[in-house]
Structures are given as structure tokens and as C-alpha cells.
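This report refers to the structure that appears directly beneath it.
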Amino acid sequence: MFLIFNKFKLFLKKYGYIILIIILISTFVIYWYGGKYSRNYVYTLNKECESLNLESCFKIDDIDYYIIANYDKTPFINANDVIINAQKKLVSNYKKTCDDNNRFNCFKLALSYEYGKIVEQSYDNAKSYYKKACDLGEQNGCNYLSYLKNGLARAKLNGKWGFIDETGNFAIESKFDGVGKFSKNGLARAKLNGKYGFIDRNGKFVIEPKFNKAWEFSRYEFTLVEFNGKYGFIYRNGKFVIEPKFDYAFEFSKNGLARAKLNGKYGFIDRNGKFVIEPKFDWVEDFYKNGLAGAKINGKWGFIDETGRFVIEPKFDDAESFNENGLARAKLNEKWGFIDETGKFVIEPNFDIIENFSENGLAIAGFSTGDFVKYSWAIYPKYKYGFINTKGGFIIEPKFDDIWSFSKNGLAIASLNGKWGFIDKSGKFVIEPNFDDIWSFSKNGLAIASLNGKWGFIDKSGKFVIEPKFDDIWSFSKNGLTPAKINGKWGFIDETGKFVIEPKFDLVDNFTKMIKSDDLQE
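With the numbering used here applied, the sequence shown corresponds to residues 15 to 536, in that order.
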């Protein structure tokens with residue numbers, strides 16, 4: 015061993031300077047020419063951007079975002095003044111030529127604002143420039159303006175998914191095995207041949223379908239994916255910002271931490287993918303805004319802070335996150351109650367089932383009847399439900415077979431003897447339980463109701479205003495349309511019950527707007 019060590023020293027002494035030169039040259043070459051994040055590549059993009067090439071400016075923007083997302087303290091490139099000035103030059107040119115009624119550049123400028131590339135994201139500005147492009151005769155501007163205002167709806171036809179517009183025509187061809195909704199960055203999940211990728215609003219894959227699972231993009235501009243059996247996070251250009259190394263993971267919360275599982279245990283990672291709370295728990299919940307998260311260890315539940323230290327010792331059989339009133343559901347000796355942030359029961363564990371408190375200060379609570387009911391393939395215990403106040407006293411006695419929380423209109427859905435109706439806060443039925451099933455009232459004052467196996471809409475008097483003739487139905491969207499199924503096919507009806515998009519689809523989803531209704535004022 016000593017002989018080998020001496021030979022290695024002699025080798026370094028003789029050739030060390032050559033090795034050093036090779037390392038320096040390699041570093042220089044990588045720095046200037048080493049692929050996507052090299053200085054040379056960025057300078058090339060920058061020159062193209064200065065020549066008013068929108069795509070190159072977008073690519074520069076992606077690289078800057080990628081480095082920021084990676085927290086790279088020594089990147090090959092960064093958002094230097096040259097790049098920023100080139101992007102400003104492009105935007106300035108588009109604005110000037112758009113003011114001169116160049117419809118193509120009005121459209122490109124709108125794209126920049128919608129996706130938040132080069133300029134700060136603004137749906138108001140996007141809408142304005144799409145409208146101008148449309149008024150000038152640019153059909154893409156008209157289409158994108160319609161998508162922003164009215165949104166797109168997922169639709170399945172002949173076993174394949176795409177997106178339809180408000181006319182019922184496919185804006186994105188039905189060629190995918192599955193699709194998700196569009197995120198604010200203009201990308202949507204799409205499944206093809208068993209793998210997930212992400213498409214843009216033209217239906218083109220901008221992130222190739224290679225993931226086993228994928229989620230929608232979040233506020234941090236990256237999203238969770240499963241790749242080769244492991245979970246990690248990708249940025250909007252498809253590159254991994256956190257390598258897939260976890261057994262399971264969840265999306266990031268507002269505090270910048272995400273739950274992650276490794277070797278059978280859960281902990282929390284930061285946006286570098288580093289465990290800041292070691293994976294030692296059987297299960298964890300997300301942190302609530304009071305800085306506490308439910309955590310299970312050795313079969314018992316308690317609450318930890320953001321250092322991973324138990325501030326409420328693990329002594330409960332089960333527990334849920336804290337809610338707005340500073341209380342959390344906790345189970346002890348097979349009974350549920352509410353604890354405060356010190357872990358003390360403020361409502362004793364006397365109930366077989368409870369739900370969180372609503373804004374009106376009431377919580378659903380109930381007791382087992384000792385009987386069981388079968389739903390689909392599972393068997394559940396039957397309960398009698400009522401409402402308790404924050405002192406734990408029943409203000410509506412537990413006499414209902416099932417119940418929902420109160421809506422803002424002061425009504426709650428309740429079931430009695432197998433039928434559904436609406437009760438007020440005194441527990442009295444204001445809409446008699448005559449229906450097979452019902453949903454809450456929407457903003458348009460209508461509620462979905464089922465009778466004799468068919469669905470329609472009732473008003474607040476309990477009277478059908480859209481007769482129950484549909485096989486299935488959803489709540490109305492803000493555009494005044496809702497999916498409805500008849501004779502095995504889905505279409506869209508308006509608030510009179512008339513089909514405005516004929517029922518020809520295998521399955522559809524509600525329309526999803528890209529901007530808030532408040533932004534739609536002309």
C-alpha cells in the first residue's frame with residue numbers, strides 16, 4: 015500500500031501541471047460551449063432576441079427562471095443587463111408596431127403577457143392585446159381572447175381527450191389518453207401511450223410525455239412528477255429542479271416545504287430537495303399557518319413545528335390539521351373532540367364522528383347507530399348527525415342520516431329516511447326531503463336535484479325549474495353552461511335546460527376560465 019502511495023505521489027509530481035491545465039481548459043470549454051446553460055449558448059440566444067426573435071427571448075427567460083428555481087449561486091449565466099435590455103427592446107418594438115396596428119405583433123405581445131415571459135404576467139394586458147389583434151383581423155387573437163374569457167372544457171370523444179371551446183368545437187384535438195386543466199403558465203398535463211407530459215394551448219407537447227404521473231404546476235412554477243418509480247420536481251421547461259429520489263412526495267405548501275417519503279418514513283423537504291425535517295414519521299400533514307403540522311409516530315399523533323420538534327406530544331389515536339378557529343380534531347380512546355394549540359381538549363372527545371367548524375361557528379358531529387351501510391365496494395358504519403357549537407353543545411340534535419355543512423345562504427343539505435332536503439339553522443326543513451339526492455345551491459340560485467333516477471335543477475322553493483330528465487348533470491359555470499348527460503352522451507345546457515352544445519361526447523368537464531370574472535369588464 016505504501017509503495018502504491020509513493021508511485022501516485024511521483025505521478026502527480028511529474029504530470030500534475032498537465033492535469034491542472036486539462037481541468038482549466040475543460041472548465042473554460044464547458045463554461046462557454048457546454049450545452050444549454052453555457053455562456054456561448056446564452057449569447058447566441060441574446061443576439062437572436064435582440065433581432066426580435068420572440069422564441070429566443072422566451073428561452074432566455076426560461077433559463078433565468080430555471081437557475082432561480084435551482085437556487086444556483088454560481089450559474090454559468092444569469093439575468094444580466096444585456097439580456098434584460100434585449101428583452102426590453104423586443105417588448106418596446108412589439109408595443110410600437112402594435113400601436114401602428116401590426117396585428118401579428120399585437121398577438122405576440124399578448125402571448126408574452128399571458129404566459130408571463132419577458133414581461134410580468136398580466137391577464138388584463140393579455141386580454142387587451144388579444145382583443146386589438148382580433149379587431150385587426152388576426153384570427154389567433156380572436157381565438158385566444160375567447161379562451162381567456164370563456165375558457166376551455168376538457169372533452170372525451172371516441173375514447174380520446176381534447177379541449178373544446180364554447181361552440182363545442184375542438185380547440186385542441188382529441189388525441190390524448192387523458193388531460194388536466196391548464197395552469198397559469200399556460201401548460202396542461204396530457205397523457206399519451208401511458209405517459210404524462212405537458213402541452214401548450216396549441217395542443218403541442220412542450221414537455222414530452224415520459225412521466226408515470228404528473229401534477230399541475232403550482233405557484234412556484236414547478237411541479238411534482240413520478241419518473242421510474244421515484245418522485246421529484248420539474249420546472250416548466252421539463253428539467254428536474256429536484257431529482258426523482260423520493261418514494262413519494264406532495265406538492266409544496268405556502269411555507270415552501272413539501273412532504274416527502276424516503277425509506278418508508280415521511281419528512282419535509284425545501285425547494286432544494288433537501289430534508290429540513292428528517293424522514294422519521296409514519297405520516298405527516300401539511301403545516302397550517304400557525305406553524306404546526308400533524309405527525310404520526312409509533313402509531314400515535316401529535317403536532318410538530320417547522321424544526322420537526324413535537325410541541326404537542328404524540329398521544330392521540332388520530333388527528334387532523336388546525337383550522338381557522340385555532341382548533342384541531344383529535345381522537346382519543348375511539349372518540350373525537352377538539353384540542354387547542356397547547357394540545358388540551360377544549361371540546362371533550364365524546365363523539366363518534368366530527369367535522370371541522372365552518373365560518374358560522376358550527377361543526378357536524380354525530381354518534382354511531384351500531385348499523386352499517388354499503389357504498390360501492392366498502393362497508394361503513396351508520397351515524398346520526400347534528401351540529402355542535404364551539405362549546406361542544408348540540409344546537410341541532412343528531413337526528414339526520416347524513417348532513418352537509420351550512421352554505422353562505424344559511425341552508426344545509428340533510429338526509430332523513432333515505433331522502434334529501436335543505437334545513438335552516440334551527441334544524442327545520444325549509445325544502446322538504448323529497449329528493450333522491452341534491453347538491454348545494456350555486457350562485458345562480460339553482461341546486462342540482464335527483465328524482466326517480468333523473469337529474470334536474472330546483473330553485474330555493476324546492477320547485478324544479480329544469481325538469482329532471484338528464485342521466486347526470488353538474489353545477490353551472492360562470493359562463494352559464496353546465497355539462498349534462500342524456501342517452502349516454504354528454505353536452506352542455508344553458509340555464510333554461512336547452513342544449514347549446516349537443517350531447518355527443520363520451521365525457522366532459524366544466525369550462526375553466528384563464529382569468530377571473532372581475533377581469534372581464536370591457
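Just so it is clear, CB atoms sit at the ideal spot from N, CA and C, and this is done for glycine as well.
Per DSSP, which one or two residues make a beta bridge with residue i?
i	result
Y249	F236
V193	A204
S429	D416 and W434
K314	I311
F538	Nothing about residue 538 can be read from this structure; the chain reaches only from 15 to 536.
Y161	Paired residue(s): none; Y161 is not in a bridge.
G380	I367 and Y399
F386	P395
G470	A463
G211	A204
Whose C-alpha, out of the options, is nearest the C-alpha of residue i?
i	options	result
T111	K198, K146 and S335	K146
W418	K405, G407, T404 and K398	K398
S464	G476, S456 and D450	D450
N466	K483, G176, V479 and L201	K483
G562	D520, E481 and K314	There is simply no residue 562 to check, as the chain begins at 15 and stops at 536 in what is shown.
D319	N277, N339, G278 and N269	N269
E373	G459, R285, S421 and E265	S421
T404	S382, F436, N370 and G459	N370
S126	N116, N199 and F177	N199
L271	R250, G316, L123 and G322	G322
Y158	V133, Y129 and G176	Y129
S267	G243, N339, F381 and L306	L306
G375	I402, K122 and D138	I402
V522	N154, L162 and K170	K170
S440	V479, G400 and S454	G400
R250	Y262, A228 and A263	A228
R285	S232, F317, G313 and W315	S232
D114	Y143, E134 and A377	Y143
G176	N216, K314, S197 and N154	N216
Is residue i near residue j, with beta carbons less than 8 Å apart?
i	j	result
K499	D485	yes
E230	K174	no
F247	F254	yes
D415	L425	no
P363	A344	yes
E481	G435	no
E152	F190	no
K468	P447	no
F381	Y394	no
N277	P293	yes
I367	G406	no
W453	S491	no
A379	F365	yes
Is it the case that the CB of residue i approaches a heavy atom of the ligand GDP more closely than 7 Å?
i	result
N286	This structure lacks the ligand GDP, and indeed carries no ligand of any kind.
Rounded to whole angstroms, what is the Cα-Cα separation between residue i and residue j?
i	j	result
F236	S335	25 Å
K303	I326	16 Å
G505	N172	14 Å
F260	F408	45 Å
V239	P258	8 Å
E274	F301	It is worth fixing the name first, because residue 274 is Ala in this sequence and not Glu. Approximately 13 Å between the Cα atoms of the pair.
D354	Y389	34 Å
D296	G287	20 Å
F90	N347	Annotation note: pLDDT 36 at F90 (below 50); position unreliable, no value reported.
V193	R203	5 Å
G470	K442	24 Å
T356	G208	48 Å
N423	K279	44 Å
D149	A140	14 Å
F525	S456	15 Å
N458	I487	16 Å
L460	G351	35 Å
S188	K205	12 Å
Y51	I256	With a pLDDT of 45 at Y51, under the threshold of 50, the predicted position of this residue should be treated as unreliable, though the coordinate-derived value follows. If you take the alpha carbons of Y51 and I256, they lie about 17 Å apart.
G281	F330	19 Å
A124	F478	44 Å
I472	P497	16 Å
G252	F212	9 Å
K122	L162	15 Å
D138	C120	14 Å
F359	D214	51 Å
L495	E509	7 Å
Compare the C-beta of residue i with all C-beta atoms of chain D and state if any pair is closer than 8 Å.
i	result
K205	This model lacks chain D altogether, as it is built from one protein chain only.
Worksheet item: Does the segment 509-516 come close enough to the segment 170-182 to have 3 or more Cβ pairs within less than 8 Å?
Response: yes
Practice prompt. Pair every Cβ in the segment 157-167 with every Cβ in the segment 218-225, then say whether three or more of these pairs are closer than 8 Å.
Written response: no
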